[in-house]
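Chains as they are written, first to last, in UniProt numbering: chain A, 1 to 332; chain B, 1 to 332. Even glycine gets a Cβ: it sits at the ideal position worked out from N, Cα and C. Please read these numbers as outputs of a predicted model, since none were measured by experiment. As C-alpha cells, the structure follows; a few thoughts come after it.
2 protein chains.
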Amino acid sequence: MGSAVTARDLARQLGVSQSMVSRAFDPAASVAPAMRARILEAAAAANYRPNGIAAALTRRRSRIVGLVMGELQNPFYPAVLEQMTLALQAAGFEALLLTVPPGQQADACLPRLRQYQVDAVVLTSASLSSAGAAHWLGDGRAAVLFNRTASGPTPLDSVACDNAGGARLAAEALLEAGRQELVFVAGRPDTSTSQERERGFLSAFAARGLRAPRRIAAGDFSYEAGHRAALQAGGADGIFFANDILALGGMDALRHAAGRRVPQDVAVLGFDDIPMAGWPGYALTTLRQPVAAMIAATIEILQARLEGDPQPARALRLPAELVPRGSFLPAG
Amino acid sequence: MGSAVTARDLARQLGVSQSMVSRAFDPAASVAPAMRARILEAAAAANYRPNGIAAALTRRRSRIVGLVMGELQNPFYPAVLEQMTLALQAAGFEALLLTVPPGQQADACLPRLRQYQVDAVVLTSASLSSAGAAHWLGDGRAAVLFNRTASGPTPLDSVACDNAGGARLAAEALLEAGRQELVFVAGRPDTSTSQERERGFLSAFAARGLRAPRRIAAGDFSYEAGHRAALQAGGADGIFFANDILALGGMDALRHAAGRRVPQDVAVLGFDDIPMAGWPGYALTTLRQPVAAMIAATIEILQARLEGDPQPARALRLPAELVPRGSFLPAG
DNA sequence: AGGGCTTTTGCATCCGTATGCAATCACAGC
DNA sequence: GCTGTGATTGCATACGGATGCAAAAGCCCT
C-alpha cells in the first residue's frame, strides 16, 4: 500500500518525466525504443504496474465489464461464466460479477455498474427494460444480451443460438423417427429462449401440415419443474424439453415415477448440452449451443461498440447442433 | 458519459461546496441534517452517485473483492459463487471474478488484482504460494481461502467445513450399518479437501482398531474420474467418495456398468450436497457443507482484516451435516 | 552550416472525490 | 451583549496517471 511504486517514483529513479513512464506502457505512444525498454525493465524490476483505478479515472474507461448473471443454478451458465471470464481477460478486460437478486429486474444493477464506471455489460438471464437500456447506451457504454433476445424493439445487441432452428431440428428428427404423440415442455414463459424454442418446434409441424403438438408449461427452468411436467405427459412417445435441466428432471420422472422406458417408450430431447447431458445415466440427446463462438461474438460486438461502431443493433444467431445420444437416436 | 453528473455539478447547482456533496454521502461525516437531506434529494433527482473509481483513488480502498475461482465445472461452486456475490454486495463490495487458467497457480492473478487495487481476495479451488500470500498481505490487503486450507504454515485465514469430522461421520454411519468392505475414493490429491476427508474417514477405523479401508485414487474431482474409480471398487459394499460429483459418476458406473444395486449391494456416500445429490435418480446420501455460514464467516473475516484486525491467521471450521438419502440409509 | 521536418520529451493540467485544516456559524452561559 | 465551545462549511490539495501542447532533439537535404 504505502509501498506501492507509482509512475512518479519510477520516473524520478530513472531521471525521466512521469509522462514517459505512462507512455512507455501505451503501445500507441511515440517513445524511443531505447527509452521504452529502459522504463519497462525498471518497471519490471520494481514490480510496478500502472494503477488501473487511476488510469480508469483519466481515461474515462475502466476496462471492466459487468457480467449480470442470474440462474446460476442452471448448469449451462457456470461453463459460460468460466469461458466468458477467460475470454474477457484475454481481451484485456476484467469481469465484475453481479447477481440479480431473485425476482428482480436487471435494471436494479445499473446504478452500481455506473458507479464503478463499468465500460460494458453482458446480460444473461435477466434482461433490461428498454428505458434502462437506452439510458445506459446513451452514456457511451456498451451492452449485449447473451443467450437472450430483447422482446420489443430495442437498441440492444444480442447474441444467442438459433433457438428456433435448433428446435425445428428436434421436431424433424422426432417426426422422421415416426414418433406420433409429441409434447413440448416450455420453461420460464417470459424468456426468449423458451419462446423461440417453442416457436421453432411448432414450425416443423406447421410446415408438414400436422396439427400442433401438446404443450406443457413447466413454469421455470428447473429440474423439479421438468419432473412435474413429465408426469403430465401421459402416453407421449416423444418429449422436447425447452432445456436440458428440464429434460433431466423429466427423464427421472418418466423412468422412476411413471415407469416408462427412455427411449423405447418415450424419446427425450433437451436443449443446451450441459455436461450432465453426456452422463451415461442420462445420455440425453440435445441441441448443443455453440458457447465458444457465442462468447467470441459477444466480445467482438462489445469491442466494436466501445470503439463507437454506429451500426444499428444486431441480433446475432449461431446455429445449434443436434447431439444424438441414448435418450433418442434419430433415424439414419 | 459527458452527461455524467459530478459532485461539482451538483454542488454548483445547490450553491454549496463540492466537499459537502461528498460528505453528504458519508454517514460518519458531520453534516447538518437539513443540508444532507437537501443534497441527497438533489442527488437523487439528478441521478447522481459518487464515482466509485474516483473514490477508490483517494480512499486507497476500492471496495472491490477479487473472487478467484477454479473448478467452476464442479456444481458445488456455482451456488457458492452466487451466494458469495450476493453477500459481498450486501456488505458493500463488488466482486471481480477471476478464473485461473487451468493448471495455473493463483499467484498469476495477483498482479491483475493489485493493478485494480482490489481490497481483498477470496480464493476457492486455487491456493496461493506462501510467498505470494505474504506479499499480498504485506500490502494491507486481505485474503481468505474458501473451502481450502493452506498446507504449510501460512499467514492466510481460511474458512472451510470440518472435512475430517464430516468424513468421520460417514465412516461411523457405514460401520454402524454393518457395511464390511469399505472403500475411500480420493479426489485431486493436492487439495486439502480430499486429504482431510481421507484423514477423517480413516480416523474412524483407527479409533475402532479396524484396519484401514481400501483407497482408490480418482485423480481429480470429476464425474468421469468417479466413474472410473467405482469400476475398480470390486465387491465393496460401501464407498465414500471425496465429493458428490465423484459419487454421482460412481453411482452411474456401479448401476449401469457394474450392474450393482445402490444401496442394496453397495452404499454410496458423497460430500458437499450439490443440488443434483437430491435428484431422485441419485438420491445421494452426503455431507452437507454449511455454505451460507461459511460465506458469512468469510466476509466477516475479510472485513475484520480490512479494519486492521491483528489476530494471527485462523483456520475456521464449520461442521458438516449428514444428509441421509436413498443411496445409503444409516441405521437408526 | 542552416532550414524544414519528424520524433521524443517534459510541462501542466485534468479526471472526480476525499479529507485535513482553518474559517464561519450557532448557541449557551454569564 | 459578549465570549467560549462545538457543530458546520469551504478551501486547497492529494490520489496516480493520461494527454494536449510546446519545447527540444534528431535527421535529411540543399
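Where does residue i fall in DSSP's three states?
i, result
"Ile245/B", "helix"
"Leu156/B", "coil"
"Glu94/A", "strand"
"Gly2/B", "Note that Gly2/B scores a pLDDT of 49, beneath 50, so its modelled location is shaky; the value from the coordinates is reported in the next line. Coil at Gly2/B, not helix or strand."
"Leu254/A", "helix"
"Phe328/A", "strand"
"Phe76/A", "helix"
"Val291/A", "helix"
"Ala313/B", "coil"
"Ala296/B", "helix"
"Arg215/B", "strand"
"Gly132/B", "helix"
"Gly308/B", "coil"
"Gly15/B", "coil"
"Ala233/A", "coil"
"Gly238/B", "strand"
"Leu284/B", "coil"
"Thr99/A", "strand"
"Gly123/B", "According to the sequence shown, residue 123/B is Leu rather than Gly. In the structure shown, Leu123/B sits in a strand (DSSP, three-state: E or B)."
"Ala87/B", "helix"
"Ala29/A", "coil"
"Ala225/A", "helix"
To which residues of the same chain is residue i closer than 7 Å at the C-beta, ignoring the five residues directly before and after it?
i, result
"Ala7/B", "Gln18, Val21, Ser22, Pro50"
"Arg61/B", "Asp119"
"Ala43/B", "Leu10"
"Gly74/B", "With the sequence shown as reference, residue 74/B is identified as Asn, and Gly is not the correct amino acid for it. Here the set comprises Phe221, Ile245."
Would you kindly report the start and end of the unbroken alpha helix (DSSP H) that includes residue i?
i, result
"Ile39/B", "33 to 46"
"Glu321/A", "Not the alpha helix (DSSP H): Glu321/A falls in the beta strand (DSSP E), residues 321 to 323."
"Val21/A", "18 to 24"
"Leu110/B", "110 to 115"
"Leu202/A", "192 to 207"
"Asn51/A", "Unbroken run through Asn51/A: none, as it is neither H nor E."
"Gly165/A", "163 to 176"
Who are the near neighbours of residue i in its chain, counting only those whose CB is closer than 6 Å to its CB and skipping five residues on each side?
i, result
"Ala233/A", "Val183, Ile239"
"Leu145/B", "Leu123, Leu156, Ser158"
"Ala93/B", "Note on identity: in this sequence residue 93/B is Phe, with Ala being the wrong assignment. Counting only Cβ-Cβ distances below 6 Å, and skipping sequence neighbours, we find Arg63, Val65."
"Leu14/A", "Ala42"
"Glu196/B", "Asn163, Ala164"
"Cys109/B", "Val68, Leu98"
"Ala150/B", "Leu156"
"Ala173/A", "Pro330"
"Thr285/B", "Leu269, Pro324, Arg325, Ser327, Phe328"
"Ile301/A", "Val144, Asp157"
"Ala167/A", "Arg197, Gly200, Phe201"
Contact check, residue i vs residue j under 8 Å by CB: the rounded distance?
i, j, result
"Arg228/B", "Ala218/B", "7 Å"
"Ala247/A", "Gly226/A", "6 Å"
"Ala29/B", "Ile295/B", "That pair is no contact at about 31 Å."
"Gly165/A", "Ala320/A", "7 Å"
"Arg325/A", "Asp237/A", "About 18 Å; that fails the 8 Å criterion."
"Leu329/B", "Leu287/B", "Not quite, the Cβ-Cβ distance comes to about 15 Å (not below 8 Å), so this is no contact."
"Phe221/B", "Ala170/B", "The pair is not a contact, with the Cβ atoms about 17 Å apart (cut-off 8 Å)."
"Asp26/B", "Pro280/A", "Asp26/B to Pro280/A, Cβ: 59 Å. No contact."
"residue 344/B", "Phe76/B", "Nothing about residue 344/B can be reported from this structure: the residues present for chain B run from 1 to 332 only."
"Ala95/A", "Leu96/B", "7 Å"
"Ile216/A", "Val262/A", "Not a contact, Cβ separation roughly 17 Å."
"Pro78/B", "Pro153/A", "That belief does not hold up - the Cβ atoms of Pro78/B and Pro153/A are roughly 34 Å apart, past 8 Å."
"Ala24/B", "Leu40/B", "6 Å"
Within the continuous beta strand (DSSP E) that includes residue i, where are the two ends?
i, result
"Ile274/B", "Taken as a continuous stretch (DSSP letters only), Ile274/B belongs to no beta strand (DSSP E), as it is neither H nor E."
"Asp66/B", "It should be pointed out that residue 66/B corresponds to Gly in this sequence rather than to Asp. Unbroken beta strand (DSSP E) run through Gly66/B: 64 to 69."
"Ala143/A", "142 to 146"
"Phe184/B", "182 to 186"
"Arg61/A", "Where Arg61/A is concerned, there is no enclosing beta strand (DSSP E), given that its DSSP letter is neither H nor E."
Just to confirm my understanding: we take residue i, look at its own chain, exclude 5 residues before and 5 after, and list those with CB closer than 8 Å. What are they?
i, result
"Arg148/B", "Leu123, Thr124, Ser125, Ser127, Ser158, Ala160, Thr191, Ser192, Thr193"
"Gly2/B", "For Gly2/B, the pLDDT reaches just 49, beneath the cut-off of 50, and the residue's location in the model is therefore unreliable, although a value from the coordinates is still provided. Around Gly2/B: no qualifying Cβ."
"Asn47/A", "Val5"
"Gln104/B", "Ala126"
field: Touching by the beta-carbon criterion (3+ pairs, under 8 Å), the stretch 111 to 121 of chain A and the stretch 311 to 329 of chain A
entry: Flag = no, the stretch 111 to 121 of chain A and the stretch 311 to 329 of chain A do not touch.
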